[in-house]
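J.: Sharing a structure here in structure tokens format.
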Amino acid sequence: MPFPATTPGSQQTPPPPRLYGISSPISLAAPKETDCVLTQKLIETLKPFGVLEEEEELQRRILILEKLNNLVKEWIREISESKSLPPAVIENVGGKIFTFGSYRLGVHTKGADIDALCVAPRHVDRSDFFTSFYDKLKLHEEVKDLRAVEEAFVPVIRLCFDGIEIDILFARLALQTIPEDLDLRDDSLLKNLDIRCIRSLNGCRVTDEILHLVPNIDNFRLTLRAIKLWAKCHNIYSNILGFLGGVSWAMLVARTCQLYPNAVASTLVRKFFLVFSEWEWPNPVLLKEPEEQNLNLPVWDPRVNPSDRYHLMPIITPAYPQQNSTYNVSVSTRMVMIEEFKQGLAITHEILLSKAEWSKLFEAPSFFQKYKHYIVLLASAPTEKQRLEWVGLVESKIRILVGSLEKNEFITLAHVNPQSFPAPKENPDKEEFCTMWVIGLVLKKPENSEVLSIDLTYDIQSFTDTVYRQAINSKMFEMDMKIDAMHLRRKELHQLLPNHVLQKNKTHSMEDVRLTALNDSSLDSSADSENSVSVPSPASTVKTGPVTGSSQGRNSPALAVMAASATSVQVTEVTLQQGNPGESPGGASESVPQTASQAAVSPPPKPTITRLVSSTLLDSLVYVLNRERHTVGQRTPSSKPSISLSAPDILPLHCTLRRHHPSGREQAGSLLVLEPLPGAPVAVNFSEVGGRTVVLRHGDLLSLGLYYLLLFKEPAQAQPLPAPALARLQALPHSCRMCGAQLRSPSDARPRQLRLEFEPDVEDALLQRIMTLIEPGGEDHKLTPAFLLCLCVQHSATRLQPGSFGQLLLKIAKAIRETVWEKTKELAEKQAPLQEPVTAAGSCLAGLLPELRHVLLWMANAVELLYFVQQQGPVYMQGLEQGPDATGSTESVFSCALSASEEAMAELEEVILYAFQQCVYYVSKSLYVCLPALLECPPFQTEPRESWCQAPQLPEELRRVVSIYQAALDLLRQAQVHPEIVSQVLAYLFFFSSTLLFNQLLDKGEAGRGCAPVRNACPPGAAGRALGAS
């Protein structure tokens, strides 16, 4: 690859005056002799790293691409002949292979693959590409490892051509022939293309624009090679894990070149670190002013798209439609990269002063000496092929875990190392392939405390649930695929990582937090010499498994099994769900602190206790007894029972359930023993046990106090409940054990005034419980939160301190707003990798449902709450006018309550409007894919029906559009959104559909074909009538 001449004393001719980028350059200074010398030294430093390809290898790549290009042209001619095109057209039909990515930019390394795009004329279909062209490649002797991924977000054919790996995308242009001098940067080529072709073209268009927008391509390429090598050495090169990918680094370097158009590579590297260490994120990095082409394609614009406002480090692609290439960046990854920018600036300054060599810039930092605490994730699969799929899925979701860790108030930073490592096998005798990733943690010392306790059980479980759920939905999951997690201190990393990885130059730790250890119920005040936690690696492993079956929310049986199986045990700084303590050497005893408990639902089945009656429906339905010993009681600051219950007569430590192994019996023949604590009301089969120990048997009923009735089941016995147990269940009392009142049937129930009473000191806890009470996908009444919140406001206005209801109302409105904002952000993060709606609109809506349900749920509740305030607010305010406050002033209380009420109503109105916009926006994205197809299908049935009673079958294109409207309507109804708002949403969607179809017809007319030749196009009136049927 050629490089700019940088011999001492040489002077480069400045480029002609031209404005590059969106602003004037910072400096137009020509390079000095020392700059050229430093550039030559940079080239010599890069050579040993293998980033510079030999000329012979480059010519080999060019020859392979020529062969592939000739193969494409030959294939397109064959397709043209098979479709009976005129000979004159076939002769000039063309077809071409374009390249993009690192090869097109000229910064590819030795052995790197080639990203290619096959561009075909309009009569060649995508199905032809994945059938006849695939078959043609299969017959070619130089092609190996051929595989097609037709269902990918960007469909691709992967192959190895004469030892070079190539990924080939496909795009069909609306042209009769493909000329040799075709410029893909022409925006008019995007007209009338399907979304997959636009995605396929995007890579080439972005790469070509970058090269077009830099002043000196050779200087740009050398600088980019250096920056990419630096990023890889410093473990910040990975788009999928929340850092920057190749195209993002290229755009940052290109922007630096625009700001210093006459600088050589050594200067540009230094200026790169200077510019982006001081960049005021989230101001976007733009290479050119965005241009609107009126093609109705979604572009990055935070003024229009609310989801774009949450991007932390936006770097915008220069080609239309402009998108953010760094949507995966999180708070932690941005912090890490900015810190690396600053360190890079310091090193390049030393190089400029001749105090250091270029090699220092590419020295890998000691990630494993940088932090005191680490989380290790392990993904394992039974075969190598399954491991590749499984590792890819897990790696794509790690940034979700990092985002969850960032929300913990005691975690300042979660730094995932992009490099994965082979992990030791759990069972050496079993065929298993395992990969692991390491996340470094920086912890924040709590104020006024020397003890730091962090429970990451929920974060880890949510992450594994997400991975397993997607694996099951995509039908990729196999039973032996597992995710494990463990917490390790710095000095324990040698248990999993080889010495050559750990033996790096030690750096200072980024944290200094004095930590101590906690066991199940007591505080151990001793701390180790390195202020970290003493957790042996076998005892700190998180072993998780997927939950099969449908889930209706946090209180559903499936999720309750996993939630209840996790002991609420805390370790000093990190608490994870772990493997069965009984499997560790020496077994488990009460004196050995356990750091977590297993959360796996896998054979052989574990015994369980099932809740039949309790004081609250928020308790888990099923508690899996998967440990040697469980404690049962009420959670307090000093008590952390394994099974947490909440009732007035449940003691902090109520009873214990332990596994007893009689001599001579195997593990399967062990017994479960109930040991009540003194003073704890416990009964088995309605017989008080007092202080004696009781052996539980399959079907026993456990009464804990007056509020809890639990059923013990031993699945290993594989038999139905015994007859006595069934009889006892049928004989359960039909009266309240507290007051003796008979339970009435619904027909005997009398309407009564409901009240929700509470003390001011529990107000926040009550609001938190109400906000998390209902799951949008569950069967509960969706307006329950609004009803309960209205009761809270009513109680505050009538029973508590005058004027307090205004502040409560404002607190409620802000909590709803924050919830909607958070769910919208999650929805934006889920959609960010797509950038465009998928082709199967139904599946697109299905992917949006979980977060969109949350948004619509709170829109519906905000409407009801706003109506309540508008109706009852004046009544409550009138009561304030009639009585003075504690200081004798009515005006101050009245004005404060009025101001808070008005602000709360404004907040609720904003939530309603924002949720409305989000619903319309995401449903419109799904419609955008399917609506253009209406213009290519007949709107009316052409085949005669057998009878007038038989409904006509809609064309597939029309059915897809109708299904989107039906799905949106069902979603709004399920969330119990007010009917008037539902009608407004549908009205906006109909308006969007009509406008899009009308614009498509105008575009067809502008293309020279007019509206008349489009014989199969669906007239707007017919489309409207068809959509109206939904």
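Numbering of the sequence shown is given in the UniProt record's numbering, commencing with residue 1 and proceeding in unit increments.
From the three backbone atoms N, C-alpha and C, an ideal C-beta is built for every residue, glycine too.
The structure displayed is predicted, hence computed values, not measured ones.
1. So, does the region 280 to 298 touch the region 810 to 826, judging by three or more C-beta pairs under 8 angstroms?
2. How would you call Y458, buried or exposed, if buried means at least 16 neighbouring beta carbons within 10 angstroms?
3. Just the Cα atoms here: how many angstroms apart are W279 and V253?
4. If we count the other Cβ atoms within 10 Å of its Cβ and call it buried at 16 or more, is V149 buried or exposed?
5. Taking contact to mean 3 or more Cβ pairs, one atom from each stretch, closer than 8 angstroms, check whether the region 346 to 364 and the region 386 to 406 are in contact.
6. Could you check where the beta strand (DSSP E) with T437 kicks off and where it finishes?
7. Select from L677, V442 and S27 the residue whose C-alpha is nearest the C-alpha of T693.
8. Return helix, strand or coil for N473, following the three-state DSSP convention.
9. In terms of residue numbering, what span does the beta strand (DSSP E) encompassing G633 cover?
10. Among the residues of its own chain, which have a CB less than 6 angstroms from the CB of A904, if the five just before and after it don't count?
11. So, is L19 buried or exposed, given that buried needs 16 or more other C-beta atoms within 10 angstroms?
12. Is the CB-CB distance between V673 and L696 below 9 angstroms?
13. I need the DSSP call for I79, collapsed to helix, strand or coil.
14. Tell me which residues share the same chain as L68 and place their Cβ nearer than 6 angstroms to its Cβ, disregarding the 5 neighbours each side in the sequence.
15. Helix, strand or coil for T326, going by three-state DSSP, please let me know.
16. Kindly identify the DSSP beta-bridge partner or partners of G94.
17. Once you ignore the five residues that flank G691 on each side, which residues in its own chain have a CB closer than 7 angstroms to its CB?
18. Residues bridged to T99 by DSSP?
19. Between G111 and the rest of its own chain, which residues show a CB-CB distance below 6 angstroms, the 5 nearest in sequence each way excluded?
20. Roughly how many whole angstroms lie between the Cα atoms of T567 and R635?
21. Identify the residues that DSSP records as bridge partners of I411: which are they?
22. Measure the beta-carbon distance from P422 to L241 and round it to whole angstroms, keeping in mind my assumption that it falls under 8 angstroms.
23. Would the region 477 to 490 and the region 373 to 383 be scored as touching if the rule is three or more Cβ pairs under 8 angstroms?
24. Expressed to the nearest angstrom, what Euclidean distance is found between the alpha-carbon atoms of Y988 and A860?
25. Return helix, strand or coil for A588, following the three-state DSSP convention.
26. Looking at C-beta atoms only, is the number of pairs between the region 966 to 985 and the region 781 to 795 that lie closer than 8 angstroms three or more?
27. So is P87 buried or exposed if we call it buried at 16+ other beta carbons inside 10 Å?
28. Within the same chain, show all residues whose beta-carbon is closer than 7 angstroms to that of E142, passing over the 5 residues directly before and after it, in chain order.
29. Would you mind working out which of Q40, Q801, L857 and D187 sits nearest G777, comparing C-alpha positions?
30. By Cβ distance, which residues of its chain are closer than 6 angstroms to S924, with the 5 residues on each side in sequence left out?
31. Specify the secondary structure class of D145 as computed by DSSP and reduced to three states.
32. Any contact of the region 29 to 45 with the region 254 to 270, i.e. 3+ C-beta pairs under 8 angstroms?
33. Would you report the Cα separation of K825 and D115, rounded to the nearest angstrom?
34. Do K444 and E395 have their beta-carbon atoms positioned less than 9 angstroms apart in this structure?
35. Among residues of its own chain, excluding the 5 on either side of V911, which ones have a beta-carbon nearer than 8 angstroms to its beta-carbon?
36. In three-state terms, what does DSSP make of Y20?
T.: On the basis of the coordinates in this document:
1. no
2. exposed
3. 14 angstroms
4. Looking at its Cβ environment, which holds fewer than 16 other Cβ atoms inside 10 Å, V149 is exposed.
5. No: the two stretches stay apart, fewer than three of their Cβ pairs being nearer than 8 angstroms.
6. With the sequence shown as reference, residue 437 is identified as Trp, and Thr is not the correct amino acid for it. F433 to L443 is the extent of the beta strand (DSSP E) around W437.
7. L677
8. helix
9. R629 to G633
10. L809, L810 and A813
11. exposed
12. yes
13. helix
14. I97
15. coil
16. I178
17. P676 and P678
18. A116
19. none
20. Here T567 scores only 27 on pLDDT, less than 50, and its place in the model should not be relied on; the value that follows carries that caveat. C-alpha separation (whole angstroms): 12 angstroms.
21. L443
22. No, P422 and L241 are not in contact; Cβ-Cβ is about 18 angstroms, not under 8 angstroms.
23. The region 477 to 490 is in contact with the region 373 to 383.
24. 18 angstroms
25. A caution first: A588 carries a pLDDT of 31, below 50, which makes its placement in the model unreliable, though a value can still be read off. Coil, per DSSP.
26. yes
27. exposed
28. F161 and D162
29. L857
30. F992
31. Note: D145 maps to strand in three-state DSSP.
32. yes
33. 32 angstroms
34. In this structure, K444 does not lie closer than 9 angstroms to E395 by Cβ.
35. A813, I816, R817, V820, W858, M859 and A862
36. In the structure shown, Y20 adopts coil according to DSSP, grouped into three states.
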